[in-house]
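Report on the structure given below.
Protein chains: 2
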Amino acid sequence: MGKYLNQKPVLVAVDCIIFGYDGDQLKLLVIKRAIEPIKDKWSLMGGFIGENEDLDGAAKRILLELTGLHDVYLEQLHAYGSPDRDPIERTVSVVYFALIDIHKYSKQINDQYHAEWFKLKEVPELIFDHNVMVKAAMDKIRYQAALHPILFELLPKRFTIPQLQTLYEQVYDSPIDNRNFIRKITASGLLIKQSDKDKSSSRRGAFYFKLDKNKHKAQFQSFLNFIPKTSK
Amino acid sequence: MGKYLNQKPVLVAVDCIIFGYDGDQLKLLVIKRAIEPIKDKWSLMGGFIGENEDLDGAAKRILLELTGLHDVYLEQLHAYGSPDRDPIERTVSVVYFALIDIHKYSKQINDQYHAEWFKLKEVPELIFDHNVMVKAAMDKIRYQAALHPILFELLPKRFTIPQLQTLYEQVYDSPIDNRNFIRKITASGLLIKQSDKDKSSSRRGAFYFKLDKNKHKAQFQSFLNFIPKTSK
DNA sequence: GCAAAAGTGTTTTCTATACACCCATGT
DNA sequence: ACATGGGTGTATAGAAAACACTTTTGC
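Below, the structure written as structure tokens:
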């Protein structure tokens with residue numbers, strides 16, 4: 001096999017930005033970096049690509065290692081490659097973001113990483129350019145969520161409309177009119193009303209809904225104009 | 001300086017997908033690959049990242065080498081990293097797409113690359129996964145152009161509305177109603193009407209317009225819903 | 001009975017769409 | 001005079017936005 005001559009290879013890492021939502025707060029999962037140097041600083045979960053692994057595969061592996069989860073919504077965000085972004089050694093990082101159901105996440109698996117959930121507005125200083133990456137991920141999520149029903153990936157199988165609305169309000173950091181919200185969400189036909197209620201957050205209780213997965217898939221591309229133009 | 005141990009570095013390339021528009025046809029610029037092996041096959045213009053170069057910088061350099069152009073619309077598309085995507089040697093490719101004014105492009109500069117413009121529908125077979133990349137770029141351009149005024153980057157300083165409309169029709173591969181198109185485009189306030197006409201494509205002539213650059217910048221984010229829902 | 005959250009309709013404005021004819025000019 | 005492409009207006013339907021009160025129920 002021929003080789004390209006005189007080219008300097010570099011390390012390629014994949015970093016994962018993992019979002020979760022507990023029904024009230026949008027959160028980010030970060031770890032305490034285990035390897036020297038810069039040990040014990042907060043960091044995104046990442047790793048280097050394996051010899052027989054593609055980028056998506058590496059992202060899935062890294063996500064599985066930290067969360068124990070398969071079949072998660074995962075999307076490539078951007079590649080970062082400043083020569084000095086990682087002071088240890090030149091590393092190009094390909095960044096993914098994941099939206100997970102925080103309830104499926106089990107703490108045991110990740111004890112070795114000292115992982116912790118932070119509210120989005122309280123994310124600590126992270127190593128290297130990781131805070132920039134998180135900001136870019138939020139921008140992309142806002143963009144995507146305005147056009148496609150991706151935020152359902154953050155919810156459990158059964159959820160209430162107030163939970164869903166709060167999620168949208170957190171993502172866009174602005175209040176949404178509740179009547180218009182319900183009208184749009186029901187008009188989308190994506191929700192199936194359940195007969196029982198969640199009584200944990202009010203006396204009256206809020207009906208559970210679940211997602212119509214077929215319609216969700218079918219309408220993924222056409223779920224447009226979801227966010228009110230006047231929001232924020 | 002410490003190093004990460006036991007990690008295998010790989011080559012990182014940047015490939016550029018270069019689009020142009022001649023007033024009638026949307027086109028792609030590709031080169032005849034100069035280096036063995038797989039010499040003389042059509043390929044995107046690319047190169048490996050330099051030691052002191054970031055990814056955007058590498059993309060700009062590569063674009064400059066081939067087109068002689070600075071200050072071009074350039075956007076990172078995606079990173080590709082299958083272990084066997086380049087059979088010569090493991091290479092992760094970070095792909096950018098560029099939208100250039102084809103009239104600013106001067107043929108001399110790139111004679112050494114045997115560059116050639118192809119109509120988008122007649123792009124030949126390219127090496128590796130380059131055809132997949134081109135398709136992804138077109139998808140992204142359609143997405144972006146529906147929300148943001150990026151297609152102006154393909155036009156010369158002065159252009160006519162029929163040219164602009166044809167461009168949109170090519171990008172979306174579907175006819176657009178001319179009265180509705182003019183209404184929307186003038187409503188956007190982005191165009192400044194000139195007093196003279198382009199007579200090259202009709203006896204009557206079509207007025208030239210130029211872009212209001214300040215408004216273009218200001219409205220970049222809010223230029224929404226440009227493409228008719230019924231197109232195609 | 002009251003506090004706290006869930007749920008429900010109507011009106012108005014705006015935007016998108018469909019649609020067909022006259023205009024200007026060079027030959 | 002005619003062929004060719006450029007340019008113009010209106011009516012209709014659908015979507016978005018603004019807006020406030022009633023319901024339920026545990027305490």
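As given, the protein sequences belong to chains W and Y, one line each in that order.
Quick note on this note's numbering: the first sequence kicks off at 1 and runs consecutively.
Quick note on this note's numbering: the second sequence kicks off at 1 and runs consecutively.
From the three backbone atoms N, C-alpha and C, an ideal C-beta is built for every residue, glycine too.
Next item on the list: Pair every Cβ in the segment 122 to 139 of chain Y with every Cβ in the segment 38 to 48 of chain Y, then say whether three or more of these pairs are closer than 8 Å.
Entry: yes
Note to self: Could you compute how far the alpha carbon of S231/Y sits from the alpha carbon of V171/Y?
What the structure shows: Here the model assigns S231/Y a pLDDT of 41, short of 50, so the residue's position is not dependable and the matter cannot be decided.
Notebook entry, point to check: Secondary structure at G20/W, three-state DSSP: helix, strand or coil?
Noted result: strand
Check: Which of the residues in the segment 118 to 135 of chain Y, read from start to end, lie with their CB under 8 Å from any CB of chain W?
Finding: none
Margin query: Going by beta-carbon coordinates alone, are Y105/W and T67/W separated by less than 8 Å?
Written below: yes
Next item on the list: Please compile the residues from chain Y whose C-beta is within a distance smaller than 9 Å of the C-beta of F97/W.
Entry: Going along chain Y, no residue has its Cβ under 9 Å from F97/W, so there is no contact; the nearest lies around 14 Å.
Next item on the list: Would you verify that the beta carbon of N52/Y is, or is not, closer than 8 Å to some beta carbon of chain W?
Entry: yes
Checklist line | For G81/W and V254/Y, believed in contact at Cβ under 8 Å, the rounded distance | finding: This structure leaves residue 254/Y out entirely; chain Y is present only between 1 and 232.
Next item on the list: Name the one or two DSSP bridge partners that G47/W has.
Entry: V14/W
Next item on the list: Note down, in chain order, every chain W residue with its Cβ under 7 Å from the Cβ of S82/Y.
Entry: D54
Next item on the list: Taking P9/Y as the query, report the chain W residues whose CB atoms sit under 7 Å from its CB, ordered along the chain.
Entry: P9, V10, L11
Next item on the list: Within its chain, find whatever has a CB closer than 7 Å to the CB of G205/W; leave out the 5 residues flanking it on each side and keep chain order.
Entry: K197, D198, K199
Next item on the list: Use the C-beta contact count for S195/W: other C-beta atoms within 10 angstroms, 16 or more gives buried, fewer gives exposed.
Entry: exposed
Item checked: Distance between beta carbons of I100/W and G20/W, contact taken as under 8 Å -> 5 Å
Item checked: Residues sharing a beta bridge with L92/Y, DSSP -> Checking the sequence shown, residue 92/Y turns out to be Val, not Leu. Answer is V12/Y, bridged to V92/Y.
Notebook entry, point to check: Mind checking whether V72/W and A98/W have CB atoms under 8 Å apart?
Noted result: yes
Notebook entry, point to check: Does DSSP put F118/Y in a helix, a strand or coil?
Noted result: Three-state result, F118/Y: strand.
Item checked: Residue span of the alpha helix (DSSP H) that contains F207/W, given as start and end -> Where F207/W is concerned, there is no enclosing alpha helix (DSSP H), although the beta strand (DSSP E) it sits in stretches over 206 to 211.
Check: Is it right to say L191/Y is buried, meaning 16 or more other beta carbons lie within 10 angstroms of its own, or is it exposed?
Finding: Label assigned to L191/Y: buried.
Notebook entry, point to check: Is the shortest distance between the beta-carbon of F48/Y and the beta-carbons of chain W less than 8 Å?
Noted result: yes
Next item on the list: May I ask which residues mark the beginning and end of the beta strand (DSSP E) holding V134/Y?
Entry: It is not in any beta strand (DSSP E) - V134/Y instead sits in the alpha helix (DSSP H) that spans 130 to 147.
Next item on the list: Check whether the Cβ atoms of D86/W and F48/W lie closer than 8 Å to each other.
Entry: no
Margin query: For Q144/Y, would you say it is in contact with chain W, using Cβ-to-Cβ distances shorter than 8 Å as the test?
Written below: no
Next item on the list: Determine which residues of the segment 153 to 165 of chain W have a Cβ less than 8 Å from any Cβ of chain Y, and write them out in chain order.
Entry: none
Margin query: Just verifying my parser: in three-state terms, what is the DSSP assignment at E75/Y?
Written below: strand
Checklist line | Length of the line joining the Cα atoms of L175/W and D212/Y | finding: Per the sequence shown, residue 175/W should be read as Pro rather than Leu. The alpha-carbon atoms of P175/W and D212/Y are separated by roughly 34 Å.
Note to self: With a threshold of 6 Å on Cβ separation, who are the neighbours of L151/Y within its own chain once the five nearest residues in sequence on each side are excluded?
What the structure shows: A145, L167
Next item on the list: Specify, as a first and last residue, the run of the beta strand (DSSP E) that I192/Y falls within.
Entry: 191 to 198
Notebook entry, point to check: Looking at C-alpha atoms only, which residue of F159/W, S188/W, D15/W is the closest neighbour of D24/W?
Noted result: F159/W
Next item on the list: Just the C-alpha distance for E233/Y and V123/W, rounded to the nearest angstrom, thanks.
Entry: With chain Y running from 1 to 232 in the structure shown, residue 233/Y is simply not present.
Note to self: So the candidates are E65/Y, I161/Y, F220/Y; which of them puts its Cα closest to the Cα of S201/Y?
What the structure shows: I161/Y
Notebook entry, point to check: Is A79/Y close to chain W, meaning its C-beta is less than 8 Å from at least one C-beta of that chain?
Noted result: yes
Margin query: Between which residues of its own chain and K215/W is the CB-CB distance below 7 Å, once the five residues before and five after are set aside?
Written below: G189, L190
Check: Which value, in whole angstroms, describes the spacing of the CA atoms of A115/Y and D173/W?
Finding: 48 Å
Next item on the list: With distances taken Cα to Cα, identify the nearest neighbour of A137/Y among N178/Y, L5/Y, L28/Y, Q7/Y.
Entry: If we check each option's Cα against that of A137/Y, L28/Y comes out closest.
Margin query: Taking 8 Å as the threshold (beta carbon to beta carbon), is S231/Y in contact with chain W?
Written below: For S231/Y, the pLDDT reaches just 41, beneath the cut-off of 50, and the residue's location in the model is therefore unreliable, although a value from the coordinates is still provided. Output row for S231/Y: interface = no.
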